[in-house]
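Each residue of the sequence shown is one higher than the one before, starting from 1063 at the first, in this note's numbering. Each residue gets a CB set at the ideal place from its N, CA and C atoms; glycine is no exception.
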Amino acid sequence: MWEYTDKVKEHFLNPRNVGTIENADGTGEVGSLACGDALTLTLKIDDEVITDARFKTFGCASAIASSSALTEMIKGKTVAEAEKITNEDIADFLGGLPKEKMHCSVMGREALEAAIANYRGVVLPMAEGEVVCECFGVTDLEIIRAIKESNLRSVEEITNFTKAGGGCGKCQDRLEEILRATHAKSLTQIKAPEKTRRLTNIQKIKLIEDALEREIRPALRKDGGDIELVDVDGDFVIVSLRGACGSCKKSQTTLKEYVEKKLREQVLDTLIVEEGK
Ligand code: FES
């Protein structure tokens, strides 16, 4: 059972601005009934100001609440202001969404972008991407964007934000590849000479083992957990969380972030920690 904030419940039970605007100036349609979520957003725009926004959605409580919140957020804003709204802004407006439901806020943001694009008479680049997840019709460009915008660190998080990978699971290897490639590319873009140390793989492994032994393992062992180094592949550090850490699914993302932070401080600030078996 998901934990919803009072604001999510309120917008779900009393959704604002439900319906369709006749002769809308901009219409955005995203998702599909076959995929379980669909949203149509229509906008009335006068002199670049969004004077009315209506939605129709087929989806869960979070999808309805996110769509309702979105319409409240954009009414009265200029188109330029509205297009700066992110999916995180929609989730924040609602006091947060369960992580498994973040894709609902993404759907809202995509509908807004589609409606604004329709108003401007342009074709969104997402339509040009290659479909990676056939179950939910999600393209590589959508996945890369979600990874970058929300700093996604695992295939599970990609599924939470885009739904990709949440059906038959056939696309999960490809999602993993896109995740690695996107982070690797971002790293080469942000690497600054003063932040990058030249280390051989053996030196890197030695420093990582030292950091694990000196600080990280003792901290995890206090709570009955442990960590093993499985492999080092370039900047990717594959670890296995053991004991209490291995069985506590909820805290694994936080633990990975903790280990990554420590390794970046003590070894190399471009390292990425991933969990292996
Ligand atoms: S193809 Fe992605 S979950 Fe089925």
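Residue from W1064, L1105 and P1160 whose Cα sits closest to the Cα of A1179:
Along the sequence shown, one-based indexing puts residue 1179 at 117. For A1179, the nearest C-alpha among the options comes from L1105.
Is the Cβ-Cβ distance between T1067 and G1170 less than 8 Å?
Stepping through the sequence shown from its first residue, residue 1067 is reached at position 5. Stepping through the sequence shown from its first residue, residue 1170 is reached at position 108. In this structure, G1170 does not lie closer than 8 Å to T1067 by Cβ.
Out of V1194, F1120, T1332 and I1267, point me to the one whose CA is closest to G1081's CA.
Along the sequence shown, one-based indexing puts residue 1081 at 19. The candidate whose alpha carbon is nearest that of G1081 is F1120.
Can you determine whether any heavy atom of the ligand FES sits closer than 7 Å to the C-beta of A1208, and answer yes or no?
Taking the sequence shown and counting its residues from 1, the one referred to as residue 1208 is at position 146. Every heavy atom of the ligand FES is 7 Å or more from the Cβ of A1208, so no.
Pairs of beta-carbons, one from the segment 1140-1157 and one from the segment 1110-1119, closer than 8 Å: are there three or more?
Contact holds: three or more Cβ-Cβ distances are below 8 Å.
What does the Cβ neighbour count give for V1301, buried or exposed, with the cut at 16 atoms within 10 Å?
Position 239 of the sequence shown, counted from the start, is the residue given in the question as residue 1301. Buried, by the Cβ-count rule.
Nearest-angstrom Cα distance between A1243 and V1335?
Counting from 1 along the sequence shown, the entry for residue 1243 is found at position 181. Counting from 1 along the sequence shown, the entry for residue 1335 is found at position 273. Cα to Cα, A1243 sits roughly 14 Å from V1335.
Tell me, to the nearest whole angstrom, how far the beta carbon of N1076 is from that of T1133; I am working on the premise that it is less than 8 Å.
Here residue 1076 is taken as the residue at index 14 of the sequence shown, counted from 1. Here residue 1133 is taken as the residue at index 71 of the sequence shown, counted from 1. 13 Å between Cβ atoms; not a contact.
Looking only at its own chain, which residues have a Cβ that is under 7 Å from the Cβ of D1087, when we skip the five neighbours before and after it?
The count along the sequence shown starts at 1 and reaches residue 1087 at position 25. Cβ within range, chain order: L1105, K1106, I1107 and Y1181.
Are M1164 and A1153 close, meaning C-beta to C-beta below 8 Å?
Taking the first residue of the sequence shown as position 1, residue 1164 is located at position 102. Taking the first residue of the sequence shown as position 1, residue 1153 is located at position 91. Taking 8 Å as the Cβ cut-off, M1164 and A1153 qualify as a contacting pair.
Over the uninterrupted beta strand (DSSP E) stretch that includes E1072, give me the two end residues.
For the purposes of this step, residue 1072 is taken as residue 10 along the sequence shown, with counting starting at 1. It is not in any beta strand (DSSP E) - E1072 instead sits in the alpha helix (DSSP H) that spans D1068 to L1075.
Pull up the distance between the alpha-carbon of K1268 and that of H1245, whole angstroms please.
Translated into the one-based positions of the sequence shown, residue 1268 becomes position 206. Translated into the one-based positions of the sequence shown, residue 1245 becomes position 183. Going from the Cα of K1268 to the Cα of H1245 covers about 23 Å.
Report yes or no: is there a C-beta of chain D within less than 8 Å of the C-beta of A1086?
Of the protein chains in the structure, only one exists, and it is not chain D.
Backbone secondary structure at A1254 - three-state DSSP
Translated into the one-based positions of the sequence shown, residue 1254 becomes position 192. Confidence at A1254 is low in this model, with a pLDDT of 41, below 50, so its placement is unreliable and the value that follows should be read with caution. Correct three-state label for A1254: coil.
K1268 - DSSP class collapsed to helix/strand/coil:
Your numbering for residue 1268 matches position 206 in the sequence shown. Three-state DSSP puts K1268 in a helix.
Using the rule of at least 16 other Cβ atoms within 10 Å of the residue's Cβ for burial, across every protein chain shown, is I1240 buried or exposed?
Numbered from its first residue, the sequence shown carries residue 1240 at position 178. With 16 or more other Cβ atoms within 10 Å, it is buried.
Any chance the CB of E1239 is under 7 Å from a heavy atom of the ligand FES?
Looking up residue 1239 in the sequence shown gives position 177. False, no ligand heavy atom lies under 7 Å from that Cβ.
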